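A.B. asks:
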Amino acid sequence: METQAAAHIVEERHTAELAALLEVSKTMVSSFDLDRNLRRALRVLADMLGLHRGTVTLVEPETRGLRIAAAHGLTRHEVARGTYRAGEGVVGRVVASGDAVVVPNIGEEPLFLNRTGARPEKSDISFIAVPIRLRGEVLGALAADRVFDEAVSLEEDVRVLEIVASIFAHAVRLYRTYRHEIDAKENLSRELRRRFSLPNIIGDSDAMQEVFRLVGKVAASNATVLLRGESGTGKELIAHALHYQGLRPKGPFVAINCAALPENLLEAELFGYERGAFTGAVASKQGRFELARGGTIFLDEVGDVSPALQAKLLRVLQERTFERLGGVKTLTTDARIVSATNRDLEAMVASGDFREDLYWRLNVVPVFLPPLRERREDLPLLLDFFLGRFAADLGRPVRFSPDALRLLMRYPWPGNIRELENTVQRLVVLAEGAQIDASDLPPHILLHDAPDVPNGSMTLDEEVEALERRRILEAMRRNAHVQARAARELGITPRQLGYKLEKYDLER
Ligand SMILES: Nc1ncnc2c1ncn2[C@@H]1O[C@H](COP(=O)(O)OP(=O)(O)OP(=O)(O)O)[C@@H](O)[C@H]1O
Ligand SMILES: [Mg+2]
Numbered sequence: 003m004e005t006q007a008a009a010h011i012v013e014e015r016h017t018a019e020l021a022a023l024l025e026v027s028k029t030m031v032s033s034f035d036l037d038r039n040l041r042r043a044l045r046v047l048a049d050m051l052g053l054h055r056g057t058v059t060l061v062e063p064e065t066r067g068l069r070i071a072a073a074h075g076l077t078r079h080e081v082a083r084g085t086y087r088a089g090e091g092v093v094g095r096v097v098a099s100g101d102a103v104v105v106p107n108i109g110e111e112p113l114f115l116n117r118t119g120a121r122p123e124k125s126d127i128s129f130i131a132v133p134i135r136l137r138g139e140v141l142g143a144l145a146a147d148r149v150f151d152e153a154v155s156l157e158e159d160v161r162v163l164e165i166v167a168s169i170f171a172h173a174v175r176l177y178r179t180y181r182h183e184i185d186a187k188e189n190l191s192r193e194l195r196r197r198f199s200l201p202n203i204i205g206d207s208d209a210m211q212e213v214f215r216l217v218g219k220v221a222a223s224n225a226t227v228l229l230r231g232e233s234g235t236g237k238e239l240i241a242h243a244l245h246y247q248g249l250r251p252k253g254p255f256v257a258i259n260c261a262a263l264p265e266n267l268l269e270a271e272l273f274g275y276e277r278g279a280f281t282g283a284v285a286s287k288q289g290r291f292e293l294a295r296g297g298t299i300f301l302d303e304v305g306d307v308s309p310a311l312q313a314k315l316l317r318v319l320q321e322r323t324f325e326r327l328g329g330v331k332t333l334t335t336d337a338r339i340v341s342a343t344n345r346d347l348e349a350m351v352a353s354g355d356f357r358e359d360l361y362w363r364l365n366v367v368p369v370f371l372p373p374l375r376e377r378r379e380d381l382p383l384l385l386d387f388f389l390g391r392f393a394a395d396l397g398r399p400v401r402f403s404p405d406a407l408r409l410l411m412r413y414p415w416p417g418n419i420r421e422l423e424n425t426v427q428r429l430v431v432l433a434e435g436a437q438i439d440a441s442d443l444p445p446h447i448l449l450h451d452a453p454d455v456p457n458g459s460m461t462l463d464e465e466v467e468a469l470e471r472r473r474i475l476e477a478m479r480r481n482a483h484v485q486a487r488a489a490r491e492l493g494i495t496p497r498q499l500g501y502k503l504e505k506y507d508l509e510r
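Everything in the sequence shown is counted per this note's numbering, starting at 3 for the first residue and increasing by one.
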C-alpha cells in the first residue's frame, strides 16, 4: 500500500517535472531579454516544482566575475548584495569546479556564505547548485532552495536542475552571440538601440512569439517584407527591428509615409528630381530610394499609393532601377524593401485598386501583427513595460491599483499598442501619488462594460458589479460629484453610496 502511494507520488512528480521543463523551454524564447526570460523560468521552477529562491549566476565574459543575472524570491537589495567571485561560497565553487553541489541543510554548511542575507539563520532548507555548462565551458550556475521534504529526493531535483541548466546554457550562448552583433553596431545611437532593439518589443502570446520567430529569420536575409496589421499594432517598430537586426544595420533606415503626401510630391520624394524638373525644383535632389542604398527603405501605408505610382514602384521592385524626375540617367538601388499597410490589400487587388503584380512583389514575406484584443495575455506585460518606462522617465515609482489594472485589462484597446502606450503615459504623468486608481482612468475605459466580452465569460457577481459601478459613476457625474444628490438619484443612502464608492475605488 505504502509503496503504491510512493509510486504515485513519484509519478506525479515526473508529470510535474515534464510540464515544468516544457514551460521553462517556452519561457526562454518568450522575449529577447535574457535576464527577464531567466527570471520567468525561475518563477516556473518555484510555482511548478517548489524550487524556491532560484538564482542564475553568470560568469561575465569580460571580467570573469560572477553576476546574479536573475533571481526569484529575492529582493533587489538581496540580489545586489550577492555578487560573488569564483571560488567563494557554494555557487563560486560550482562555477570553479563545474560540479553540482548539494547542501542538505544550509544551517550546517560553513561554505554557505549566504551573501544575500535572505534566509533565516537556521532552517530545514536544502540548497542545490548546478553548473550551467556548454561544451565544457562553465557559463555560470543555477541554484535553488528546496524545503526539506522526505518524499522528494534531492538527487531528483539535481537531475531536473541539470536539464534546466542545459536549456539555460543554450539560451545564454544564443543571447551572447546576438548581443555581440548588437554591440558591433557602434554607429547606432543609444536612443535608437533602446527603442528599437528587440528587447523593447514586448509579446508573450503565441501570436507574437510567432512574429518574433519570423522576424528573426527574415531579418538575416534581404527578403522583401510586407507588414500587415491594424493601426498601432507595431508595424513601424517591427520594420525598424528588421533593419537593425538585419544584415546591414549600419546602413540607412529610410522611412516614407505614402499616405502623407500627394501623388506628385510622393513621386519626387521617392525617386528624387533634377534641377528644373518642375516649377520650384531649383536644385536637384536625391530620392529616398537613392538615400536608402546599403540600407532599408520602409514604405509605410503602401496601400495608399496611386495606380500611376504603383507602376513605377513595380519597376523598382522588379529591376531595382529608376530615374529621377526630369532625369535621364538610370539609377539603381540595393535597398532592402519593407512595406506596411493596414488596408485590405487582397480586396484592393480584387477590386482593381492595387496592382496584383506589385502585390506579389511586395508580399514576399508577409508578417501579420495581431491586434491587441486577440492577444490579451500580452496586456499585463505591456502595461507593466510602459508603466516602467514612463515612471523611469519621471524618476519615481508609480503603480496601478488592483481595480485600475482590472479595468485596463478589460478594455478592448481598439487603438492597439499606440493607444495603450499613450494612455499609460498620460496616467503616469498625471498621477499625483505613487498609485493610479480606477478613478484616474479616462471615462471610456472606466465605463467600458466589456460588451465585447462574450457572454458567460464574466461571473454573475462581476457582471452585477460592472453594472453597479457604471450606474454609480454616471450618477456621480450627473450630480457634479455631490454624493448626497447622487445617492438620492440612485435610491440609496449616502452612507451606502460612500461604502460603494470606496469598494469600487471611485473616490476622488
Ligand atoms: N510589441 C510592442 N512592444 C512594445 N511597444 C510596441 C509594440 N508594438 C508597438 N509598440 C509601440 O506602439 C506604438 C505604435 O507602434 P507603431 O507605430 O509601430 O504601429 P503601426 O502599426 O505602425 O501603426 P499605424 O498603422 O497607425 O502607423 C509605438 O510607440 C511602438 O513603439
Ligand atoms: Mg505606422
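Even glycine gets a Cβ: it sits at the ideal position worked out from N, Cα and C.
Since this is a predicted model, take the numbers as computed values, not measurements.
Name the one or two DSSP bridge partners that SER128 has.
C.D. replies: Here the question's residue 128 lines up with position 126 in the sequence shown. Note: SER128 sits in a beta bridge opposite ARG148.
A.B. asks: Using only the alpha-carbon positions, how far apart do ILE240 and VAL217 sit?
C.D. replies: As a working note, residue 240 is residue 238 in the sequence shown. As a working note, residue 217 is residue 215 in the sequence shown. If I take the Cα positions, the gap works out to 8 Å.
A.B. asks: Which word fits TYR506, buried or exposed, when buried means at least 16 other C-beta atoms lie within 10 angstroms of its C-beta?
C.D. replies: The residue you call residue 506 lines up with position 504 of the sequence shown. So TYR506 ends up on the buried side.
A.B. asks: Flag this pair as touching only if the segment 69-77 and the segment 34-46 have three or more C-beta atom pairs under 8 Å; answer yes or no.
C.D. replies: Yes: the two stretches touch, three or more of their Cβ pairs being nearer than 8 Å.
A.B. asks: Considering Cα atoms alone, identify which of ALA22, GLY138, LEU176, GLU164 is closest to PHE34.
C.D. replies: Your numbering for residue 34 matches position 32 in the sequence shown. Ranking ALA22, GLY138, LEU176, GLU164 by Cα distance to PHE34 puts LEU176 first.
A.B. asks: In three-state terms, what does DSSP make of ASN266?
C.D. replies: Locating residue 266 in the sequence shown gives position 264, counting from the first residue. The answer is helix: DSSP assigns ASN266 an H, G or I state.
A.B. asks: With the cut-off set at 7 Å, would you say CYS260 and ASP206 are in Cβ contact?
C.D. replies: Translated into positions along the sequence shown, residue 260 becomes position 258. Translated into positions along the sequence shown, residue 206 becomes position 204. No, the pair does not count as a contact, with Cβ atoms beyond the cut-off.
A.B. asks: Which runs of the beta strand (DSSP E) spanning at least 3 residues fall entirely within the segment 286-348, listed in chain order?
C.D. replies: Segments of the beta strand (DSSP E) lying fully in the segment 286-348: 298-302, 323-325, 332-334, 338-343.
A.B. asks: For ligand 2, any of its heavy atoms closer than 6 Å to the Cβ of GLU379?
C.D. replies: Residue numbering aside, residue 379 sits at position 377 when the sequence shown is read from its first letter. GLU379: no, Cβ never under 6 Å from ligand 2.
A.B. asks: So, with DSSP's three-state summary, where would you put TYR413?
C.D. replies: Stepping through the sequence shown from its first residue, residue 413 is reached at position 411. Reduced to three states, the DSSP call for TYR413 is coil.
A.B. asks: Please work out which residues of its chain come closer than 7 Å, Cβ to Cβ, to LEU409, disregarding the five sequence neighbours upstream and downstream, and give them in chain order.
C.D. replies: Here residue 409 refers to the residue found at position 407 of the sequence shown. The answer, listed in chain order, is ALA440, LEU443, ILE447, LEU448.
A.B. asks: So does SER233 have its beta carbon nearer than 6 Å to some heavy atom of ligand 1?
C.D. replies: Taking the sequence shown and counting its residues from 1, one reaches residue 233 at position 231. Because some heavy atom of ligand 1 lies under 6 Å away, the Cβ of SER233 counts as near it: yes.
A.B. asks: Let me make sure I understand the geometry here. Which of GLY234, LYS237, ALA270, ARG290 has the alpha-carbon closest to that of PRO254?
C.D. replies: Here residue 254 is taken as the residue at index 252 of the sequence shown, counted from 1. Comparing Cα positions, the closest option is ARG290.
A.B. asks: CB-CB under 6 Å to ASP147, same chain, minus the five flanking residues each way: which ones, in chain order?
C.D. replies: Walking along the sequence shown from the start, residue 147 turns up at place 145. Only HIS54, ARG55, ILE127, PHE129 meet the Cβ criterion.
A.B. asks: Ligand 2 and GLU423: does the residue's C-beta get closer than 6 Å to at least one heavy atom of that ligand?
C.D. replies: Here residue 423 refers to the residue found at position 421 of the sequence shown. GLU423 Cβ: outside cutoff for every heavy atom of ligand 2.
A.B. asks: Buried or exposed for ALA9, going by 16 or more other Cβ atoms inside 10 Å?
C.D. replies: In the sequence shown, residue 9 corresponds to position 7, counting from 1. Burial call: exposed.
A.B. asks: Does the beta-carbon distance from GLY417 to GLY234 come in below 7 Å?
C.D. replies: Numbered from its first residue, the sequence shown carries residue 417 at position 415. Numbered from its first residue, the sequence shown carries residue 234 at position 232. Against a cut-off of 7 Å, the Cβ pair of GLY234 and GLY417 comes out as a contact.
A.B. asks: In this structure, how does DSSP classify GLY253 when only helix, strand and coil are distinguished?
C.D. replies: In the sequence shown, residue 253 corresponds to position 251, counting from 1. In this structure, GLY253 counts as coil in the three-state DSSP scheme.
A.B. asks: Is DSSP giving ILE419 helix, strand or coil here?
C.D. replies: To locate residue 419, count along the sequence shown from 1; it is residue 417. ILE419 falls in the helix class under three-state DSSP.
A.B. asks: Measuring straight from C-alpha to C-alpha, what distance separates VAL431 and SER403?
C.D. replies: Sequence index remark: in the sequence shown, residue 431 carries index 429 (1-based). Sequence index remark: in the sequence shown, residue 403 carries index 401 (1-based). Distance between the alpha carbons of VAL431 and SER403: 16 Å.
A.B. asks: Can you give the beta carbon distance from THR335 to ARG295, rounded, assuming they're within the 8 Å contact cut?
C.D. replies: The residue you call residue 335 lines up with position 333 of the sequence shown. The residue you call residue 295 lines up with position 293 of the sequence shown. THR335 to ARG295, Cβ: 6 Å. Contact.
A.B. asks: Please list, in chain order, all residues of the same chain as LEU228 whose beta carbon is under 6 Å from its beta carbon, the five residues on each side excluded.
C.D. replies: To locate residue 228, count along the sequence shown from 1; it is residue 226. Within the same chain, LEU228 has close Cβ partners SER341, LEU364, ASN365, PRO368.
A.B. asks: Going straight from the alpha carbon of SER353 to that of GLN312, what length do you get?
C.D. replies: The sequence position of residue 353 within the sequence shown is 351, counting from 1. The sequence position of residue 312 within the sequence shown is 310, counting from 1. Going from the Cα of SER353 to the Cα of GLN312 covers about 15 Å.
A.B. asks: Candidates VAL103, ALA270, LEU60, GLU64: which alpha carbon is nearest PHE170's?
C.D. replies: To locate residue 170, count along the sequence shown from 1; it is residue 168. Comparing Cα positions, the closest option is LEU60.
A.B. asks: Say the cut is 6 Å; is the CB of GLU238 nearer than that to a heavy atom of ligand 2?
C.D. replies: Here residue 238 corresponds to residue number 236 of the sequence shown, with the count starting at 1. Yes, the beta carbon of GLU238 sits closer than 6 Å to at least one heavy atom of ligand 2.
A.B. asks: Is the beta carbon of PRO414 less than 7 Å from the beta carbon of ARG377?
C.D. replies: Position 412 of the sequence shown, counted from the first residue, corresponds to residue 414. Position 375 of the sequence shown, counted from the first residue, corresponds to residue 377. Their beta carbons are not under 7 Å apart, which means PRO414 does not touch ARG377 by this criterion.
A.B. asks: Buried or exposed: which applies to THR29, given that a residue is buried once 16 or more other Cβ atoms fall within 10 Å of its Cβ?
C.D. replies: As a position in the sequence shown, residue 29 is number 27, starting the count at 1. Buried.
A.B. asks: Give the range of the alpha helix (DSSP H) segment to which VAL92 is assigned.
C.D. replies: Taking the first residue of the sequence shown as position 1, residue 92 is located at position 90. It spans 91-99 - the alpha helix (DSSP H) in which VAL92 sits, taken as one unbroken run.
A.B. asks: Using only the alpha-carbon positions, how far apart do GLU470 and GLU476 sit?
C.D. replies: Here residue 470 corresponds to residue number 468 of the sequence shown, with the count starting at 1. Here residue 476 corresponds to residue number 474 of the sequence shown, with the count starting at 1. Between GLU470 and GLU476, the C-alpha separation is close to 10 Å.
A.B. asks: Going along the chain, which residues of its own chain have a beta-carbon closer than 6 Å to the beta-carbon of GLU423, five neighbours each way excluded?
C.D. replies: As a position in the sequence shown, residue 423 is number 421, starting the count at 1. Excluding sequence neighbours, GLU423 sits near PHE388.
A.B. asks: If we count the other Cβ atoms within 10 Å of its Cβ and call it buried at 16 or more, is HIS16 buried or exposed?
C.D. replies: As a first step, residue 16 is located in the sequence shown; it is residue number 14 there, counting from the start. Burial call: exposed.
A.B. asks: At what residues does the alpha helix (DSSP H) containing HIS242 begin and finish?
C.D. replies: Numbered from 1 along the sequence shown, position 240 holds the residue referred to as residue 242. Start and end: 237-246.
A.B. asks: Buried or exposed, going by whether 16 or more other CB atoms sit within 10 Å of the CB of SER99?
C.D. replies: Within the sequence shown, the letter at position 97 stands for residue 99. Classification of SER99: exposed, given that the 10 Å Cβ count is below 16.
A.B. asks: In angstroms, rounded to a whole number, what distance separates the CA positions of GLY231 and GLN498?
C.D. replies: Locating residue 231 in the sequence shown gives position 229, counting from the first residue. Locating residue 498 in the sequence shown gives position 496, counting from the first residue. So the alpha carbons of these two residues sit roughly 47 Å apart.
A.B. asks: Under 8 Å by Cβ, that's how I've got ALA173 and LEU36 pegged, so tell me the actual separation to the nearest angstrom.
C.D. replies: Here residue 173 is taken as the residue at index 171 of the sequence shown, counted from 1. Here residue 36 is taken as the residue at index 34 of the sequence shown, counted from 1. Going by Cβ atoms, the distance from ALA173 to LEU36 rounds to 7 Å, so yes, they are a contact pair.
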